[in-house]
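All you need for this note's numbering is the position in the sequence shown, starting with 1, plus 277.
Where is the CB? At the ideal position from N, CA and C, for every residue including glycine.
This one's a predicted model, so the numbers in the text were calculated from it and none came from an experiment.
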Amino acid sequence: MRFYGISRTFSTENEIQYENIGQYWDDFASIYGREAIKGLGFNWGEHSIEYVLGTTDRSLKFDMEELRRKYPDCVYKEVDLPDSGWTTFTGQTEDLSDMYNEIYQEGALKYEIESFFEDGSCSLEIYR
């Protein structure tokens with residue numbers, strides 16, 4: 278499987294990534310529609326995470342000039358991902374923190390793919 282999208286690196290200091298990635302999502306949702314995009318988190322470091330907004334099917338066309346006006350540090354990225362071995366969790370976006378607390382009890386992740394829907398539900402696909 279391959280993920281195609283726009284990547285940025287976010288600080289995880291004081292858990293600020295949640296607010297910053299949320300704003301990143303909102304900006305992309307206003308352009309492409311929330312249900313048309315997915316978020317890929319990977320490359321966790323001691324103080325950062327790389328996060329890509331995009332798709333696994335090349336269905337979106339990105340205007341890099343427009344995106345760089347808001348996010349000068351963004352880059353187009355294609356990420357090769359495992360085809361199998363993923364575990365999926367579903368729930369409500371308002372319960373996202375609880376979902377992740379449960380997920381992280383079993384250890385760190387190598388990849389996560391997040392999907393959010395207009396009805397308030399979400400899907401998390403994780404790979405360890």
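Taken atom to atom, the span from the alpha-carbon of Asp375 to that of Gln369 is near 10 Å. Minimum Cα-Cα distance from Glu292 among the listed residues Glu312, Trp302, Ile326 and Ser307 corresponds to Ile326. Excluding sequence positions up to five before and after Arg345, its CB lies within less than 8 Å of the CB of Cys351, all in the same chain and listed in chain order. Less than 8 Å divides the Cβ of Arg279 from the Cβ of Asp357. Under the DSSP definition of a beta bridge, Phe339 lacks any partner. Note: Leu317 is bridge-paired with Val329 and Ile390 in the DSSP secondary-structure output. In the same chain as Gly397, and ignoring 5 residues on each side of it, the C-beta atoms closer than 8 Å to its own belong to Gln369, Thr370 and Glu371, in chain order. Residue Ser288 holds the alpha-carbon nearest to the alpha-carbon of Glu323 among Ser288, Glu296, Gly310 and Pro349. Non-local beta-carbon contacts of Ile390 in its own chain, meaning distances under 6 Å to residues more than five positions away in sequence, involve Lys315, Leu317 and Glu402 in chain order. The beta carbon of Leu330 sits closer than 6 Å to the beta carbons of Gly282, Ile283, Phe305, Ile314 and Gly316 from its chain, once the five residues preceding and following it are set aside; these are given in chain order.
Separation of Ser400 and Thr364 (C-alpha to C-alpha, rounded to the nearest whole angstrom) is 10 Å.
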